[in-house]
Amino acid sequence: MSERQNAFTIKTNRLSDEVYNKLATHAKSRRLGDYISSLILRDLDDSSTGKKAIEDKKTYEMLEHIKNELADLKTLAKTTGFVGNDSFEEEPSKVPQLKEGKIADLENISGSLDDDDLEEYNDF
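Taking the working numbering, I'd label the letters of the sequence shown as residues 495 to 618.
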């Protein structure tokens with residue numbers, strides 16, 4: 495691969511001393527091309543990040559739109575009698591409710607223990 499030829503020259507009268515000195519420092523160290531290339535790559539990366547942010551915003555807006563449409567469909571289904579009014583509600587957890595009452599009826603205890611069942615406890 496052959497050496498690249500100078501393709502362009504920067505001419506401007508709006509170059510501040512600070513910017514000129516920075517470019518001159520890189521030019522003297524023969525790293526101006528690498529420096530300019532890194533700046534351009536950084537700009538390209540920033541623009542792709544900006545595009546990603548725009549895509550994320552569009553996705554969020556689409557999800558919000560879908561959510562609103564679903565809410566409208568639920569309301570329509572309830573008002574037209576298409577489904578019962580409580581079929582879209584969140585179901586409460588099916589935890590058994592504790593009620594007051596007898597824990598055990600002590601008069602009707604049934605069952606028995608065989609001597610074989612007690613053998614493992616005789617080791618003490």
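Backbone N, C-alpha and C fix where the C-beta goes; we use that ideal spot for every residue, glycine too.
Shown here, Thr506 sits in coil according to DSSP, grouped into three states, outside any helix or strand. In this model, Arg536 and Glu563 are separated by some 41 angstroms (Cα to Cα). Here the alpha carbons of Tyr554 and Lys568 stand approximately 21 angstroms from one another. Following the DSSP letters along the chain, one finds Ser532 inside the alpha helix (DSSP H) bounded by residues Leu526 to Thr573. Collapsing the DSSP output to three states places Glu594 in coil. Leu533 places its beta carbon 8 angstroms or farther from that of Leu526. In this structure His520 is not in contact with Tyr514, their Cβ atoms being roughly 11 angstroms apart against a cut-off of 8 angstroms. Here the alpha carbon of Leu557 sits roughly 12 angstroms from the alpha carbon of Ala565.
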